[in-house]
Amino acid sequence: MYFDIIIKIILTGVVLGGALNLAGLLTWVERKQSAVMQDRIGANRASLFGLRILGLFHPLADMLKLILKEDFTPRYAHKILHALAPFVSVFFALIAFAAIPIGNDFAWRGHAIHLQVAHINVGLLYILSVMSMGVYGVVLAGFASNNNYSFLGGLRASSQMISYEITMGVSIMGIVMMDGSLNLQNIVQAQGQYWHHLPLWGIFLQPVSFFLFLTAAMAETKRTPFDLPEGESEIIGYFVEYSGMKFGMFFLTDFLETVLASALLTTLFLGGWQIPYLFHDGFHFPWGTVWIMAQPWVILLGVIAFSIKVIFFCWFLMMIRWTLPRFRYDQLMRLGWKIMLPISLINILVTGLVMVLL
Amino acid sequence: MESVLFYTFATLVVTTALLVIFSNHPAYSVLYLVLTMFGLASLYVMLHAYFVAAIQLMVYAGAILVLFLFVIMLLNLEREGEESFRSGPSRWLALPLTLVFLVELYTVVMQIHIKGSKGLSVEGNTESLGHLLFTQHLLPFEIISFVLLAAILGTTILSKRNWK
């Protein structure tokens with residue numbers, strides 16, 4: 168009993184710390200990546216004891232600045248809701264990580280250990296519902312500021328998030344149909360099978376669904392091709408009346424959602440913690456070479472593989488963010504409702520047909 | 427442990443449901459209703475009905491109440507709200523309507539014989555629900571989806587008519 172609780176607490180710490188730190192680090196990655204892509208040097212001023220290390224201290228300096236800034240509340244705002252909104256945003260972005268498996272299940276001293284904070288039967292639905300609850304932070308921020316511009320930003324954000332949530336939920340149904348489970352751990356384990364030495368990852372089985380989910384997840388993070396709700400540069404968004412750390416929390420939510428989208432893409436389409444040809448007792452390569460490994464190392468390699476894939480997708484999303492220009496609002500809605508939703512419905516139909524025929 | 431959790435969430439549900447009625451601002455009412463949905467979802471989780479709990483959150487809290495909040499915010503009901511559902515002549519209708527509803531609820535609840543849920547396996551919850559929907563209750567399920575389709579078509583036609 169106590170052992171299980173201690174394991175869960177450690178695991179929660181690892182997942183929470185990993186997600187928050189990666190989100191914090193992404194602020195630095197974003198500045199450096201944009202600098203590389205635009206042929207600039209990028210952030211390199213912050214230094215600690217004369218050390219600069221490529222500007223790696225910038226996230227710390229940013230955080231310090233945000234905390235020390237004046238926390239301003241507009242006079243006619245709904246005070247409680249205005250303070251509550253950023254917390255709601257961050258809260259729902261963070262608890263979604265609970266259902267994501269970071270490694271394989273294993274037994275240790277007679278205890279079954281799930282490397283997944285909450286071993287939920289309907290993990291996928293849980294994540295989708297928690298992500299849909301994230302709308303409240305945005306709506307509340309727009310409403311509570313009592314400012315027409317932030318209100319319009321809130322409306323844009325929530326209509327965008329609701330529209331793309333539908334495509335997001337429908338697009339992954341193909342995966343669920345093939346694996347026959349809503350538990351993310353089962354979905355990852357099902358991706359450990361092979362077809363003529365080709366690992367049966369979601370991206371090979373459901374390529375259409377992968378691209379649909381990628382686009383919808385990008386729209387959910389409210390970052391640049393889809394950043395109409397925020398529009399930092401010219402149109403102003405739902406957090407225009409926020410300053411200091413409350414503004415920082417909205418920003419953190421964006422980065423957390425980027426990490427969450429990467430983790431979901433990894434789990435559903437890139438085999439989660441699976442490494443090709445790594446079985447529970449070691450590597451079995453198709454050309455016959457066998458490397459036997461002890462179980463702890465296999466589990467550890469799985470966790471490392473999961474982290475690398477998540478970091479890869481974070482970088483990939485960051486690259487798209489600095490490549491594509493922003494959509495116009497009517498283009499956004501047309502893409503969501505008239506193109507992506509029909510394609511995802513057809514995808515379900517085709518998947519069902521193929522499954523019945525084969 | 428389980429009874430402590432149950433009473434916590436039950437208190438949450440009842441208190442927030444009362445606050446929905448008694449709060450002054452319609453937007454706050456909707457937000458309390460969100461909390462009510464949360465409490466209900468946690469009660470479903472305690473009954474091992476994970477699928478229903480997740481759907482409860484996704485459909486009610488995540489979609490329908492967001493739309494409620496939209497409408498309230500767009501119409502800016504802050505000022506008119508007070509008159510329309512507290513002090514107008516319609517409030518005299520409230521008591522008989524509530525009574526009729528309570529009597530109906532009472533008769534329905536008394537007719538149900540609650541059986542133990544031990545037959546349902548916890549792991550196969552989604553599967554068993556899906557199985558029932560597509561075998562035993564297929565016809566009602568299809569009819570409901572047709573009703574929903576009719577509603578979607580109806581709203582589309584109504585909005586198109588105003589558009590021209």
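The listed protein sequences correspond, in order, to chains L and C. Each residue of the first sequence is one higher than the one before, starting from 168 at the first, in our numbering. Each residue of the second sequence is one higher than the one before, starting from 427 at the first, in our numbering. From the three backbone atoms N, C-alpha and C, an ideal C-beta is built for every residue, glycine too.
Beta bridge counterpart(s) of residue i as assigned by DSSP
{"i": "L/W362", "result": "L/L365"}
{"i": "C/V535", "result": "DSSP, once it has assigned bridges, lists no residue as partnering C/V535."}
{"i": "L/F371", "result": "None, per the DSSP bridge assignment."}
{"i": "L/I280", "result": "L/F273"}
{"i": "L/L445", "result": "L/F450"}
{"i": "L/L218", "result": "L/L215"}
{"i": "L/I208", "result": "Answer is none; L/I208 lacks a bridge partner."}
{"i": "L/W458", "result": "L/F450"}
Residue i: contacting residues in chain L (beta-carbon distance under 9 Å)
{"i": "C/F477", "result": "N288, V289, L292, L349"}
{"i": "C/V460", "result": "M300, Y303"}
CA-to-CA distance, residue j to residue i, given in whole angstroms
{"i": "L/Q205", "j": "L/E387", "result": "26 Å"}
{"i": "C/Y433", "j": "C/Y470", "result": "13 Å"}
{"i": "L/L291", "j": "L/E401", "result": "36 Å"}
{"i": "L/F517", "j": "L/V523", "result": "Checking the displayed sequence, the identity of residue 517 of chain L turns out to be Val instead of Phe. Looking at the two C-alpha atoms, the distance is approximately 10 Å."}
{"i": "C/L500", "j": "L/L251", "result": "21 Å"}
{"i": "C/L559", "j": "C/T441", "result": "34 Å"}
{"i": "L/W195", "j": "L/L178", "result": "26 Å"}
{"i": "L/I267", "j": "C/L521", "result": "49 Å"}
{"i": "L/P226", "j": "L/L235", "result": "14 Å"}
{"i": "L/F483", "j": "L/G438", "result": "17 Å"}
{"i": "L/L512", "j": "L/M335", "result": "11 Å"}
{"i": "L/H245", "j": "L/Y409", "result": "13 Å"}
{"i": "L/F473", "j": "C/P452", "result": "45 Å"}
{"i": "C/A487", "j": "L/R207", "result": "45 Å"}
{"i": "L/R488", "j": "C/L555", "result": "41 Å"}
{"i": "L/L427", "j": "L/T420", "result": "10 Å"}
{"i": "C/L528", "j": "L/G180", "result": "48 Å"}
{"i": "L/L395", "j": "L/I173", "result": "43 Å"}
{"i": "L/D346", "j": "L/I370", "result": "13 Å"}
{"i": "L/M486", "j": "L/I220", "result": "22 Å"}
{"i": "L/G398", "j": "L/A190", "result": "20 Å"}
{"i": "C/S516", "j": "C/L523", "result": "11 Å"}
{"i": "L/F422", "j": "C/Y476", "result": "29 Å"}
Proximity test, Cβ basis, 8 Å: residue i and chain L
{"i": "C/A453", "result": "yes"}
{"i": "C/T552", "result": "yes"}
{"i": "C/M484", "result": "yes"}
Chain L contact residues for residue i, given Cβ-Cβ distances below 8 Å
{"i": "C/G488", "result": "S296, S299, M300, V302, E332"}
Presumed contact (8 Å Cβ cut-off) between residue i and residue j, rounded CB distance
{"i": "L/A123", "j": "L/S317", "result": "Residue 123 of chain L lies beyond the range of chain L shown here (168 to 525); nothing can be said about it."}
{"i": "C/V456", "j": "C/F494", "result": "5 Å"}
{"i": "L/V302", "j": "L/I329", "result": "7 Å"}
{"i": "L/G341", "j": "L/I510", "result": "About 11 Å; that fails the 8 Å criterion."}
{"i": "L/G449", "j": "L/W458", "result": "5 Å"}
{"i": "L/G270", "j": "L/G469", "result": "5 Å"}
{"i": "L/A265", "j": "L/V284", "result": "4 Å"}
{"i": "L/M416", "j": "L/V521", "result": "Their Cβ separation, rounded to whole angstroms, is 45 Å, which puts L/M416 and L/V521 out of contact at 8 Å."}
{"i": "L/S312", "j": "L/H363", "result": "Not confirmed; about 58 Å, so no contact."}
{"i": "L/I339", "j": "L/L435", "result": "6 Å"}
{"i": "L/Q360", "j": "L/L367", "result": "5 Å"}
Proximal residues of chain C, C-beta to C-beta of residue i below 7 Å
{"i": "L/V306", "result": "V492, L495"}
{"i": "L/S256", "result": "The premise fails here: L/S256 is roughly 14 Å from chain C at the closest Cβ pair, so nothing lies under 7 Å."}
{"i": "L/I329", "result": "A489, V492"}
Neighbouring residues, chain C, relative to residue i (Cβ below 8 Å)
{"i": "L/F310", "result": "A453, L495, M499"}
Contacts that residue i makes with chain L (C-beta to C-beta distance below 7 Å)
{"i": "C/A480", "result": "V289, L292, Y293, S296"}
Cutoff 8 Å: residue i Cβ touching any chain C Cβ
{"i": "L/S325", "result": "yes"}
Neighbour flag for residue i against chain D, beta carbons, 8 Å
{"i": "L/P366", "result": "The structure shown has no chain D; the protein chains it does contain are L and C."}
Heavy atom of the ligand ADP within 7 Å of residue i beta-carbon
{"i": "C/L495", "result": "You won't find the ligand ADP in this model; it holds no ligand whatsoever."}
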